[in-house]
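Okay, so here's the structure we're looking at.
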Amino acid sequence: MDGFTATVEQRIRGVSTGVYEYFTLARRAIGFIFARPFYWRDTLIQMDRIGVGSLPIVVLTGLFTGMVLALQSSVELSNFGADVYIGNLVGASMVRELGPVLCALMVAGRSASGIAAELGSMRVTEQIDALQSFGTDPIKKLVTPRLLAGLLMLPILTIIADLIGIVGGMVIAVFRIGMTADAYFTGVLNALAAPGFVLGIFPKDFVTGLLKPFVFGGIITLTASYYGLSTRGGTEGVGDAATRSVVTCSVLILAVDYFMTQVLLVVLGQA
Amino acid sequence: MIRGEGMRTMHDDPIPAIRRELDEDRAHDGTASKRDAVIRLEDVHLTFDEPILSGVSLEARRGETLMVAGESGSGKSTILKLILRLLLPDSGRIQVLGHDVIHLTFAEALDLRRHIGMVFQNAALFDSMTIFENVAYPLRENRDLEDDELERIVRERLEFVDLEPDRVMHQLPSQLSGGMRKRVGIARAIATDPEVVLYDEPTAGLDPLTIGTINDLIRKLQRELKVTSIIVTHDIRAGFRVAQRVNLLREGRIVFDGSPEDMVVANDPYIQEFLS
């Protein structure tokens, strides 16, 4: 029993230390965004890798999600003679939930594993120690540019995924169900306008749909960097860090999405 | 701790070639023992899951090359990480270039590291950067130089380590041999003219000819740049060719402090076993 208690205690201590280290890393990486020297070149490289590099997979995800959403909803809605609302359903679903979440999951699968593997291999080959020996703070040099890239590129990728998804839904609505493109897009716009506007200009759904990927971009890059920098044990450790970063990012994205939705519904007066 | 005392005749010396090379070096610079300590560790203790260092005390004097030898896993590389303040000890004192390392802030530690060059075991070159970018990295981080001046210094450092700048500058580390990578690592470590150079197993995994080249390079650095060096190695014969003083680490403690000649003739069974 003592052994069991000791194991549980050790486990809890390990988890709480990990959480503390994670938030310390996050605090320092965010703080360095506003401190010199600025590693602009590294930030641009990361924006290219995370943003441009993820574009094909995000476009495909958005396209097929919009298409299958239109297809599935047409079956149900036609039972009630309501297939005219396909545009509303696809528009609201893509912008509120599916665009941000699926886009973030795709980027997590692709970029989180890449970041964790890259930083992990730098850790085990002493490149991180080398950076420190030259007076460079590895968090500032390696984590902050990735964080900035994630914060900026995820919202842009999400807008692209949303648009492509809505266009994908339109293809099904027009060519399979026989709706006009005009009717479909009117439905999409109605769905976005229905919850109201922030500052009288920005549809609330659009605002929540952009706040979420901003947060997800931070979660993906910080979590992947944390696992990468904590890598131990050679190449096996690098693989382990990559796997754990993707799993943790995916779970965090889904959990944070739920809580953010709850909070935003209250804050934006939709609840 | 055993202090080195000569106990055998020259006739018994098992490695006369090493002794001759050391004599030549001391002819260049015979006052190492009289100079002040640039690095000093006092009663340093460090434990992770088990004790790594149990009261280590050592010092490296200005301009000398100190070898810290010991078996694999004896805590040699840990000493270098403590000097760089990449690790903090559980207790003890560490002084580097007049600074009490343990009480430095993170920013002060980063600043101190700019005066120390480190040659890593597997060179630790940044694999996404070219050789030029690798050697230029510490200069870009620590000095505000024009591109021409930067390139001039990088070329100079690469020539110093006997590499042809035009041939290697635009290559990636993965395109070079192990010995060349190690030389680039040395060029990068001395790019900013550090006062101290730390070597972690500089000859590990190299063939005998390349080991000779690296040793010649370390001696050249010692002669021409007058840097204070600490070489951590388990390859004691390679270390003898460059070190003026040897500290032997065993089970977390320094068990011998003396010249290579004194170590060779020491009557301690562990030392003799280690040398054999």
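First to last, the sequence lines map onto chains A and B. So in this note's numbering, spot 121 of the first sequence is number 121, and the numbers just go up one at a time. So in this note's numbering, spot 3 of the second sequence is number 274, and the numbers just go up one at a time. Where is the CB? At the ideal position from N, CA and C, for every residue including glycine.
Partners in chain B for residue i, counting only beta-carbon separations shorter than 7 angstroms
i, result
"Glu9 (chain A)", "Residues of chain B passing the Cβ test: none, with the nearest at roughly 16 angstroms."
Member of the options whose CA lies at the smallest distance from the CA of residue i
i, options, result
"Gly114 (chain A)", "A:Val15, A:Phe259, A:Leu229", "A:Leu229"
"Leu44 (chain A)", "A:Pro100, A:Met153, A:Gly237, A:Gln72", "A:Met153"
"Leu434 (chain B)", "B:Glu522, B:Leu488, B:Arg411", "B:Leu488"
"Pro56 (chain A)", "A:Val251, A:Tyr184, A:Leu252, A:Ile160", "A:Ile160"
"Asp307 (chain B)", "B:Lys352, B:Gly326, B:Val367", "B:Val367"
"Arg524 (chain B)", "B:Lys491, B:Ile354, B:Val315, B:Pro360", "B:Val315"
"Ser399 (chain B)", "B:Ser445, B:Leu355, B:Val432", "B:Ser445"
"Ala573 (chain B)", "B:Ile323, B:Pro322, B:Arg364, B:Ala331", "Residue 573 (chain B) lies beyond the range of chain B shown here (272 to 547); nothing can be said about it."
"Val272 (chain A)", "A:Ala112, A:Phe175, A:Thr5", "Summary: the structure shown does not reach residue 272 (chain A), with chain A confined to residues 1 through 271, and so no result is reported for it."
"Ile323 (chain B)", "B:Arg333, B:Pro473, B:Ser343", "B:Ser343"
"Ala181 (chain A)", "A:Val167, A:Ala193, A:Ala191, A:Leu192", "A:Val167"
"Gly346 (chain B)", "B:Thr504, B:Asp533, B:Glu335, B:Lys497", "B:Thr504"
"Leu355 (chain B)", "B:Ala340, B:Pro479, B:Asp382", "B:Asp382"
"Tyr184 (chain A)", "A:Gln132, A:Val75, A:Phe34, A:Ala173", "A:Ala173"
"His370 (chain B)", "B:Val432, B:Val309, B:Gly334, B:Ala537", "B:Val309"
"Thr223 (chain A)", "A:Gly120, A:Arg49, A:Val171", "A:Gly120"
"Gly239 (chain A)", "A:Met179, A:Glu9, A:Ala117, A:Thr261", "A:Ala117"
"Ser530 (chain B)", "B:Pro409, B:Val517, B:Arg333", "B:Val517"
"Pro479 (chain B)", "B:Gly510, B:Ile365, B:Thr463, B:Glu495", "B:Gly510"
"Ala255 (chain A)", "A:Val101, A:Leu192, A:Gly233", "A:Val101"
"Leu357 (chain B)", "B:Leu477, B:Ser325, B:Ala380, B:Asp320", "B:Ala380"
"Pro203 (chain A)", "A:Tyr20, A:Gly269, A:Leu77", "A:Gly269"
"Ala191 (chain A)", "A:Val251, A:Arg244, A:Asn88", "A:Asn88"
"Asp42 (chain A)", "A:Val215, A:Ile139, A:Gly187, A:Val171", "A:Ile139"
"Cys249 (chain A)", "A:Ala108, A:Phe80, A:Glu236", "A:Ala108"
"Leu337 (chain B)", "B:Phe431, B:Lys352, B:Asp528", "B:Asp528"
"Gly51 (chain A)", "A:Pro213, A:Gln262, A:Leu264, A:Ala241", "A:Pro213"
"Gly450 (chain B)", "B:Ser348, B:Thr318, B:Thr481", "B:Thr481"
"Tyr179 (chain A)", "A:Glu97, A:Leu199, A:Tyr85, A:Tyr226", "At residue 179 (chain A) the sequence reads Met, which differs from the Tyr that was named. Looking at the Cα atoms, A:Tyr85 is the closest of the given residues."
"Ile494 (chain B)", "B:Pro473, B:Phe319, B:Gly334", "Reading off the sequence, residue 494 (chain B) comes out as Arg, not Ile. Per the Cα distances, B:Gly334."
Neighbouring residues, chain A, relative to residue i (Cβ below 7 angstroms)
i, result
"Tyr541 (chain B)", "None at all; the shortest Cβ gap to chain A is about 30 angstroms."
Counterpart residues of residue i in DSSP-defined beta bridges
i, result
"Tyr470 (chain B)", "B:Val390, B:Ile502"
"Thr318 (chain B)", "B:Pro322"
"Pro203 (chain A)", "A:Phe197"
"Phe545 (chain B)", "DSSP lists no partner for Phe545 (chain B)."
"Ile310 (chain B)", "B:Ala331, B:Val367"
"Gly529 (chain B)", "B:Val517"
"Met338 (chain B)", "B:Ile502, B:Val517"
"Ser362 (chain B)", "B:His316"
"Arg524 (chain B)", "B:Arg521"
Contacts that residue i makes with chain B (C-beta to C-beta distance below 8 angstroms)
i, result
"Glu126 (chain A)", "Phe391, Gln392, Asn393, Ala395"
Proximal residues of chain A, C-beta to C-beta of residue i below 8 angstroms
i, result
"Ile387 (chain B)", "Ser133"
"Arg384 (chain B)", "Gln132, Ser133, Phe134, Gly135"
CB contact flag (residue i, residue j, <8 angstroms)
i, j, result
"Ser500 (chain B)", "Val455 (chain B)", "no"
"Thr231 (chain A)", "Val124 (chain A)", "yes"
"Thr144 (chain A)", "Phe32 (chain A)", "yes"
"Ile402 (chain B)", "Val439 (chain B)", "yes"
"Asp129 (chain A)", "Phe377 (chain B)", "no"
"Gly66 (chain A)", "Val95 (chain A)", "no"
"Asp506 (chain B)", "Ala458 (chain B)", "no"
"Gly62 (chain A)", "Gly165 (chain A)", "yes"
"Gly233 (chain A)", "Gly150 (chain A)", "no"
"Ile461 (chain B)", "Gly388 (chain B)", "yes"
"Arg426 (chain B)", "Thr463 (chain B)", "no"
"Leu216 (chain A)", "Ile253 (chain A)", "Per the sequence presented here, residue 216 (chain A) reads as Phe, with Leu not at that position. Yes; because the gap between Cβ atoms is below 8 angstroms, this pair is in contact."
"Tyr226 (chain A)", "Tyr20 (chain A)", "no"
Chain A residues whose Cβ lies nearer than 9 angstroms to that of residue i
i, result
"Leu355 (chain B)", "Asp129, Gln132, Ser133"
Check: residue i C-beta below 7 angstroms from any heavy atom of the ligand FAD
i, result
"Gln132 (chain A)", "Only the bare structure without any ligand can be found here, which leaves the ligand FAD out of the picture."
Practice prompt. Using a Cβ-Cβ cut-off of less than 7 angstroms, give me the residues of the segment 128-149 of chain A that come near chain E, in sequence order.
Written response: Note that chain E does not occur in the displayed structure, where the protein chains are A and B.
Fill in: Residues of the segment 404-423 of chain B whose Cβ lies closer than 7 angstroms to any Cβ of chain A, in chain order
Tyr408, Pro409, Glu412, Asn413
Discussion item. Can you pull out the residues from the segment 363-382 of chain B whose beta carbon lies closer than 7 angstroms to at least one beta carbon of chain A?
Written reply: Leu381, Asp382
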